[in-house]
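Q: Residue numbers (full-length UniProt numbering), protein chains in the order written: chain A, 1 to 283; chain B, 1 to 283. Yeah, the Cβ is synthetic: ideal placement off N, Cα and C, and Gly gets one too. Following this message is one structure expressed as structure tokens.
2 protein chains.
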Amino acid sequence: MTVLALLDGTIVDHTAPLLRVDDLAVQRGDGVFETIMVVDGRPRELGPHLDRLARSAALLDMPPPDLAAWERCAQVVLDAWRGGREMALKLVYSRGVEGEGRPTAFAMGLPVGPETIRKRNEGLSVITLERGYAADLQERAPWLLLGAKTLSYAVNMAALRHAERNDAQEVIFTATDGTVLEGPTSTVVIAQGRTLRTPPPSSGILPGTTQGALFRAAEAAGWNTKVEPLRIEELWDTDGLWLVSSVRLITRVHTLDGKTLPDDEQRAALHREITELFESQYV
Amino acid sequence: MTVLALLDGTIVDHTAPLLRVDDLAVQRGDGVFETIMVVDGRPRELGPHLDRLARSAALLDMPPPDLAAWERCAQVVLDAWRGGREMALKLVYSRGVEGEGRPTAFAMGLPVGPETIRKRNEGLSVITLERGYAADLQERAPWLLLGAKTLSYAVNMAALRHAERNDAQEVIFTATDGTVLEGPTSTVVIAQGRTLRTPPPSSGILPGTTQGALFRAAEAAGWNTKVEPLRIEELWDTDGLWLVSSVRLITRVHTLDGKTLPDDEQRAALHREITELFESQYV
Chain A
1 MTVLALLDGT
11 IVDHTAPLLR
21 VDDLAVQRGD
31 GVFETIMVVD
41 GRPRELGPHL
51 DRLARSAALL
61 DMPPPDLAAW
71 ERCAQVVLDA
81 WRGGREMALK
91 LVYSRGVEGE
101 GRPTAFAMGL
111 PVGPETIRKR
121 NEGLSVITLE
131 RGYAADLQER
141 APWLLLGAKT
151 LSYAVNMAAL
161 RHAERNDAQE
171 VIFTATDGTV
181 LEGPTSTVVI
191 AQGRTLRTPP
201 PSSGILPGTT
211 QGALFRAAEA
221 AGWNTKVEPL
231 RIEELWDTDG
241 LWLVSSVRLI
251 TRVHTLDGKT
261 LPDDEQRAAL
271 HREITELFES
281 QYV
Chain B
1 MTVLALLDGT
11 IVDHTAPLLR
21 VDDLAVQRGD
31 GVFETIMVVD
41 GRPRELGPHL
51 DRLARSAALL
61 DMPPPDLAAW
71 ERCAQVVLDA
81 WRGGREMALK
91 LVYSRGVEGE
101 GRPTAFAMGL
111 PVGPETIRKR
121 NEGLSVITLE
131 RGYAADLQER
141 APWLLLGAKT
151 LSYAVNMAAL
161 RHAERNDAQE
171 VIFTATDGTV
181 LEGPTSTVVI
191 AQGRTLRTPP
201 PSSGILPGTT
211 QGALFRAAEA
221 AGWNTKVEPL
231 RIEELWDTDG
241 LWLVSSVRLI
251 TRVHTLDGKT
261 LPDDEQRAAL
271 HREITELFES
281 QYV
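And the structure:
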């Protein structure tokens with residue numbers, strides 16, 4: 001079950017070819033995207049996702065996306081969906097055919113696969129991998145597109161294959177100064193007592209929409225939150241370590257670089273509490 | 001005038017859609033490519049280009065490309081070409097539709113645009129930009145795909161736009177240790193007396209097919225060649241500085257970071273000599 005709609009709201013066959021070979025998404029990975037969680041027909045954090053799409057497009061000097069049109073297009077996909085309670089809504093905004101100056105834009109409704117659900121439930125074995133960048137690079141080198149969610153994700157995918165070859169399922173990227181960055185498609189969050197922490201977007205990572213929503217809910221429930229640099233060593237001594245993302249949600253890390261992290265009833269209860277906090281805002 | 005052929009040799013309409021939205025080239029820039037110069041129906045360095053395609057595919061854990069099939073496919077494009085003496089032959093090898101495990105592969109014959117010819121003839125204004133990577137990163141971090149020619153070129157394109165905003169046309173990327181890397185789509189070559197130098201592929205850059213062919217011709221004509229690290233400062237004191245690439249060929253850099261480089265009859269003669277050396281092997 002997949003639904004594919006063009007930005008103008010036309011639903012088209014997702015198994016039919018749609019992109020020309022000279023589309024810059026194909027030739028250069030030149031475009032941006034977002035993936036949004038939808039439960040029972042309701043998209044989560046659609047506004048923040050659209051805002052991030054616009055920010056990514058601006059970083060790539062693309063025309064500003066027509067957010068009202070994207071909202072209508074998303075609704076078309078939601079209305080056509082017959083595939084179960086959960087749906088991943090992916091928005092793709094490519095620079096378009098080379099030389100034509102007109103972006104290619106479409107939205108897809110996709111099922112949430114059993115593998116994703118299994119990881120969400122069982123947690124993850126994660127390895128840390130160098131990203132090769134300094135944590136202060138983003139501001140002085142905007143051409144590196146750090147903080148933009150681009151279609152050029154070959155490295156992100158290669159890092160995940162590298163993890164699998166090393167009996168792990170996920171990656172936490174690290175900067176050259178030994179601080180934590182992000183996962184290839186997720187945000188790192190830790191708990192220390194009643195404080196949730198995540199690394200700052202200024203370190204060249206994506207501002208996480210799911211992390212943002214989690215922190216908002218946590219603050220409302222009396223938690224402290226900190227957005228500040230996090231050293232790799234600190235990952236070993238937390239009350240909870242998660243990779244959070246729109247569709248896999250708040251996923252526990254149970255193993256780091258081959259070593260099992262501490263687990264006990266208190267930590268399990270904390271994971272339930274955090275997950276319920278997050279979910280409660282969408283009930 | 002564009003010719004598009006699938007890997008099996010079928011010629012198809014290049015203006016018709018060919019790729020599904022769930023092709024990983026579209027979704028993730030997940031694939032590799034090569035661009036080959038063709039003059040009067042003869043491809044240049046086809047063997048080295050195909051070898052590099054295979055190396056890039058291996059770095060991305062893709063199935064080894066069927067090089068004999070690519071050669072046949074290239075010939076189909078050459079035979080169908082009616083567009084002038086020069087043609088750019090682009091080979092695209094994507095991981096294919098997600099979950100199907102079957103690459104998408106096609107070759108395009110494209111005209112060489114007037115802008116490329118103008119730059120080839122008039123030379124380039126170039127700015128140096130940080131690439132953000134250490135020059136010794138490639139070996140220890142294979143998941144970063146340094147040295148693979150992937151479809152994830154959004155950063156390369158962003159760097160070129162950054163150059164244009166700064167009244168330049170091209171970029172030389174630099175490593176964190178102050179050494180020279182490469183251009184976004186070209187290799188850096190300098191002349192010092194009767195020696196040609198280029199930075200080593202071990203610094204995380206593409207091995208240049210055009211640079212390789214130039215060095216081969218130069219060695220045969222009695223030049224010395226060196227593949228060794230090159231410091232940024234050394235770019236200011238050369239007898240010749242070029243960005244070399246398959247289609248734009250041996251292109252002089254006349255301006256670096258906004259300052260005009262020395263030019264005199266000796267340097268102009270050297271540029272002619274190097275260009276003729278390179279061209280002579282294809283006569």
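1. Taking Glu182/B and Pro199/B to be in contact with their CB atoms under 8 Å, please state how far apart those CB atoms are, rounded to whole angstroms.
2. Anything in chain B within Cβ reach of Met1/A, meaning under 8 Å, just list it in chain order.
3. Hey, could you find the ends of the alpha helix (DSSP H) Val247/B is sitting in?
4. Bridge partners of Ala105/A, per DSSP?
5. Taking DSSP as the reference, what is the three-state secondary structure of Ser125/B?
6. Can you list, in chain order, the residues of its chain with a C-beta nearer than 8 Å to that of Pro64/A? Leave out the 5 residues immediately preceding and following it.
7. Return the chain-ordered ranges of every alpha helix (DSSP H) run that is complete within the segment 130 to 206 of chain B and spans a minimum of 4 residues.
8. Which residues mark the beginning and the end of the alpha helix (DSSP H) in which Thr2/B is found?
9. Does the beta carbon of Ala105/B come closer than 8 Å to any beta carbon on chain A?
10. Would you please verify whether the beta carbon of Ser245/A is less than 8 Å from any beta carbon of chain B?
11. Give the residues of chain B in contact with Pro17/A, contact being defined as C-beta atoms less than 7 Å apart.
12. Please state the DSSP three-state secondary structure of Glu276/B.
13. Does the pairing of the segment 211 to 230 of chain A with the segment 42 to 53 of chain A give three or more beta-carbon distances under 8 Å?
14. Can you give me the Cβ contacts of Ala218/A inside the same chain, cut-off strictly under 8 Å, excluding the 5 residues immediately before and after it?
15. Between the C-alpha atoms of Leu91/B and Val32/B, what's the straight-line distance to the nearest angstrom?
16. Can you tell which of Gly109/B, Leu50/B, Ser94/B has its C-alpha closest to the C-alpha of Val39/B?
17. How about Leu145/A and Leu243/A: are their beta carbons less than 8 Å apart?
18. Whole angstroms are fine: how far does the CA of Gly258/A sit from the CA of Ala168/A?
19. Ends of the beta strand (DSSP E) at Glu34/A?
20. Could you list which residues in chain B have their beta carbon closer than 7 Å to that of Ala158/A, in chain order?
21. When the Cα atoms are used, what is the spatial distance from Ala74/A to Leu249/B?
22. Expressed to the nearest angstrom, what Euclidean distance is found between the alpha-carbon atoms of Glu71/A and Ser246/A?
23. Name the residue from Pro114/B, Val21/B, Met37/B whose alpha carbon lies nearest to the alpha carbon of Glu86/B.
24. Just verifying my parser: in three-state terms, what is the DSSP assignment at His254/B?
25. Can you list, in chain order, the residues of its chain with a C-beta nearer than 7 Å to that of Leu261/A? Leave out the 5 residues immediately preceding and following it.
A: Short version:
1. The residue labelled residue 182/B in the question sits at position 182 within the second sequence. The residue labelled residue 199/B in the question sits at position 199 within the second sequence. Correct: roughly 7 Å between the Cβ atoms.
2. Within the first sequence, residue 1/A is the residue found at index 1, counting from 1. Within 8 Å Cβ-Cβ: nothing; Met1/A doesn't reach chain B, min ~13 Å.
3. Here residue 247/B refers to the residue found at position 247 when the second sequence is read from its first residue. First-last for Val247/B: undefined, no H or E at that position.
4. Taking the first sequence and counting its residues from 1, the one referred to as residue 105/A is at position 105. BP columns for Ala105/A point to Tyr93/A.
5. Residue mapping note: residue 125/B aligns to position 125 of the second sequence, counting from 1. If DSSP states are grouped into helix, strand and coil, Ser125/B belongs with the strands.
6. Working through the first sequence from its first residue, we reach residue 64/A at position 64. Cβ within range, chain order: Ala54, Ala57, Ala58.
7. 137 to 140, 154 to 165
8. Numbered from 1 along the second sequence, position 2 holds the residue referred to as residue 2/B. Counting along the chain, Thr2/B falls outside any alpha helix (DSSP H), and DSSP gives it neither H nor E.
9. Position 105 of the second sequence, counted from the first residue, corresponds to residue 105/B. For Ala105/B, no CB of chain A lies under 8 Å from its own CB, so it is not counted at the interface with that chain.
10. Sequence index remark: in the first sequence, residue 245/A carries index 245 (1-based). It does not; no Cβ of chain B falls within 8 Å.
11. Here residue 17/A refers to the residue found at position 17 when the first sequence is read from its first residue. Chain B residues near Pro17/A: Pro17, Leu18, Leu19, Arg20.
12. Indexing the second sequence from 1 puts residue 276/B at position 276. Three-state DSSP puts Glu276/B in a helix.
13. Judged by pairs of C-beta atoms under 8 Å, the segment 211 to 230 of chain A touches the segment 42 to 53 of chain A, as three or more such pairs exist.
14. Numbered from 1 along the first sequence, position 218 holds the residue referred to as residue 218/A. The residues are Leu196, Thr225, Ile274, Leu277.
15. For the purposes of this step, residue 91/B is identified with residue 91 of the second sequence, where counting begins at 1. For the purposes of this step, residue 32/B is identified with residue 32 of the second sequence, where counting begins at 1. The straight-line gap separating the alpha-carbon atoms of Leu91/B and Val32/B is approximately 8 Å.
16. Here residue 39/B is taken as the residue at index 39 of the second sequence, counted from 1. When only C-alpha atoms are compared, the closest one is Gly109/B.
17. What you label residue 145/A is simply residue 145 of the first sequence in a count that begins at 1. What you label residue 243/A is simply residue 243 of the first sequence in a count that begins at 1. For Leu145/A and Leu243/A, no; Cβs fall outside 8 Å.
18. For the purposes of this step, residue 168/A is taken as the residue at position 168 of the first sequence. For the purposes of this step, residue 258/A is taken as the residue at position 258 of the first sequence. Cα to Cα, the separation comes out at about 8 Å.
19. As a first step, residue 34/A is located in the first sequence; it is residue number 34 there, counting from the start. Run containing Glu34/A: 31 to 39, per the beta strand (DSSP E) assignment.
20. The count along the first sequence starts at 1 and reaches residue 158/A at position 158. What Ala158/A touches in chain B: Leu60, Trp143, Leu145.
21. Taking the first sequence and counting its residues from 1, one reaches residue 74/A at position 74. Taking the second sequence and counting its residues from 1, one reaches residue 249/B at position 249. C-alpha separation (whole angstroms): 46 Å.
22. Counting from one through the first sequence, the residue named residue 71/A turns up at place 71. Counting from one through the first sequence, the residue named residue 246/A turns up at place 246. Roughly 17 Å between the two C-alpha positions.
23. If you number the second sequence from 1, residue 86/B lands on position 86. That would be Met37/B, whose Cα lies nearest to the Cα of Glu86/B.
24. The residue labelled residue 254/B in the question sits at position 254 within the second sequence. His254/B: strand per DSSP, three-state reduction.
25. Counting from one through the first sequence, the residue named residue 261/A turns up at place 261. So the qualifying residues of the chain are Leu241, Val253, His254, Thr255.
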